[in-house]
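A.B. asks:
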Amino acid sequence: SSGINAEWPLRPGVLADAFATTLFKQSYQMLFSKNEKGEHKMGFNINVEVKTTRELKISGALGPCVSLQRKAPNVSDTEIGIGGTNAWQLCSGDPTTTLAVFFEVSSQQGTPPAGGRGAIQFISQYQHINGTKRIRVTTLARHWADPVANIQHVAAGFDQEVAAALMARISVNRNESDNDGPDVLRWLDRMLIRLCQKFGEFNKEDANSFRFPDNFTLYPQFMFHLRRSQFLQVFNNSPDETAYYRHKLMKEDVSNSMVMIQPYLYSYSFNGPPEPVLLDSVSIVPDRILLMDTFFHIVIYHGDTIAKWIEKKYHEDPNHENFRQLLQAPIDDAQEILATRFPMPRYVNCSHGDSQSRFLFAKVNPSQTHNTMYGYTQEGAGAAVLTEDVSLQVFMEHLKKLAVANTS
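Numbering follows the numbering used here, with no gaps: position 57 of the sequence shown is 107.
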């Protein structure tokens, strides 16, 4: 239902207007879907315990869990999320349920040995749907690297998508704890600037010289879209909607989290097969159909020219069979997503000028706005977005200037 219980980490939720809606009914049916073995895809009474080598301490976990209040030598005094323990419990889980666990290097153990390894072990216990108890043990070992002398080794281990998903969870947790949105945005900006200064290559006071390693290049735009997302910008969302969106972000895996942070956008045209395009206003052109997946919404948008052809019913003319196929292609792709996504997303089919096209315009990077008049005059230049938000290009320019500034 649209209400979120105070114990939201312990149960799945669906955001719908009423129990009688198709969205709720199909989501409810999918909750009890089965795998190829004929078993429901869920587990119950899940306990997760984390063990580490002595150089590491556990700061906490973020996800749909509660603390088991287990004190241990590897528990840090610095808490992130649900801390003060090395074990947590989940009421239930499915194949996409995840926990984010945070660690710190113990200062009491001194500098970790060069060339040595740090190890982390996750011990997960749960009751399977068939009644049996199952235990899964996952052990990871990684080499220590000196963050000063071997900074390149640290950079090589950076996963920008995982980092974005973790920062999203921390930001939401800080928002829930501090209840101060602007302060969380400033903290997010400071962390991004520090990352640029630490791992970027640049000459002091020369923004044009700034370069990021290949595995860092997408991270700033992830943060740009996270800042604009419904997870941190609560305007125009009810408290129920905000709680629901944040709950899903805290629970889903990295792949689904990235769809939430930076939605996928695909373009359909007569020029070739569907192709991914930039989540940018320049991608909104008259002779294209766009399919956007935000995890919570599946949006099909018809450009101005396409919408006019639909009004003239060209797709019903046997002489324009290729146009009918073009209209059907994004619908078929959307149905594939709707058939497998839990909870079922809201399906939006709109055209240029429709009120529901706001779902698309609210997500794209506003590289062209109502203040940049060339967006209306250049053929194929994309659509103008009515917003006062800065674009990704302006965001990156300011980020580079702050990163290369001489702060010494």
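Beta carbons are placed, not taken as given, at the ideal position from N, Cα and C, and that holds for glycine.
1. Between the Cα of S174 and the Cα atoms of R167, A137, F266, which residue gives the shortest distance?
2. Taking only runs of the beta strand (DSSP E) that begin and end inside the segment 334-388, which ones reach a length of at least 3 residues, in chain order?
3. DSSP three-state call for K84: helix, strand or coil?
4. Just the C-alpha distance for N124 and G133, rounded to the nearest angstrom, thanks.
5. Where do the ends of the beta strand (DSSP E) carrying S142 lie?
6. Tell me, which residues are paired with N419 by DSSP?
7. Straight-line CA distance for A70 to T147?
8. By the 10 Å Cβ neighbour count, where 16 or more other Cβ atoms means buried, how is K413 classified, buried or exposed?
9. In chain order, which continuous runs of the beta strand (DSSP E) of length 3 or greater are located wholly inside the segment 271-344?
10. Compute the Euclidean distance between the alpha carbons of V304 and E211, then round it to the nearest angstrom.
11. Run through DSSP, which three-state label would F409 get?
12. Measure from the alpha carbon of N95 to the alpha carbon of each residue in H370, I130, K107, I185, then state which is nearest.
13. Between A218 and L276, how many whole angstroms is the CB-CB distance? I'm expecting something under 8 Å.
14. Kindly examine the ligand HEM and report whether one of its heavy atoms sits closer than 6 Å to the Cβ of G207.
15. Measure the alpha-carbon distance for E447 versus D256 and round it to whole angstroms.
16. What does the Cβ neighbour count give for A169, buried or exposed, with the cut at 16 atoms within 10 Å?
17. What is the rounded straight-line gap between the Cα of M92 and the Cα of S142?
18. State the beta-bridge partners of F153 as determined by DSSP.
19. For a minimum of 4 consecutive residues, which ranges assigned as the alpha helix (DSSP H) are wholly contained in the segment 222-260?
20. Please list the terminal residues of the continuous alpha helix (DSSP H) segment that includes I201.
21. Quick one: what does DSSP say N180 is sitting in, helix, strand or coil?
22. Measuring CB atoms only, is the segment 102-109 touching the segment 62-80, in the sense that at least three cross pairs come out at less than 8 Å?
23. Could you give the DSSP three-state label for Q210: helix, strand or coil?
24. Grouping DSSP H, G and I as helix and E and B as strand, with all else coil, what is N456?
25. Do R338 and S319 have their CB atoms nearer than 7 Å?
26. Decide if G45 is buried, meaning its Cβ has at least 16 other Cβ atoms within 10 Å, or exposed.
27. In terms of DSSP beta bridges, what is T189 paired with?
28. Using 8 Å for Cβ pairs, my map puts S441 next to S407. What's the rounded Cβ distance?
29. Go ahead and label T188 buried or exposed: buried means 16 or more other beta carbons lie within 10 angstroms of its beta carbon, across all protein chains shown.
30. Could you tell me which of L140, D127, M308, I130 sits nearest to V116, measuring between CA atoms?
31. Any idea what DSSP makes of V444, helix, strand or coil?
32. Can you give the beta carbon distance from M310 to T355, rounded, assuming they're within the 8 Å contact cut?
33. Which residue wins for smallest C-alpha separation from Y215, given the options E302, N369, E386, P380?
34. Please check the pair F281 and L299, which I expect to be a contact at CB under 8 Å, by giving their CB distance rounded to whole angstroms.
35. Roughly how many angstroms separate the alpha carbons of H203 and R167, rounded to a whole number?
36. Is the segment 243-254 close to the segment 363-383, with three or more CB pairs under 8 Å?
C.D. replies: Taking the structure as given:
1. A137
2. 339-343, 347-352
3. strand
4. 11 Å
5. 137-143
6. Here the sequence assigns Thr to residue 419, which means Asn is not the residue at that position. Answer is V435.
7. 27 Å
8. buried
9. 314-319, 322-326, 339-343
10. 7 Å
11. helix
12. I185
13. 6 Å
14. For the structure depicted, the ligand HEM is absent and the ligand set is empty, with no information on it obtainable.
15. 11 Å
16. exposed
17. 7 Å
18. I108
19. 231-249
20. 201-206
21. coil
22. no
23. helix
24. coil
25. yes
26. Residue 45 is absent from the model: the chain starts at 51 and stops at 458.
27. Q171
28. At roughly 19 Å, the Cβ-Cβ gap does not stay under 8 Å, so S441 and S407 are not in contact.
29. exposed
30. L140
31. helix
32. Between T355 and M310 the Cβ distance is about 31 Å, and since that is not below 8 Å, they are no contact.
33. At residue 215 the sequence reads Ala, which differs from the Tyr that was named. Per the Cα distances, E302.
34. 6 Å
35. 14 Å
36. no
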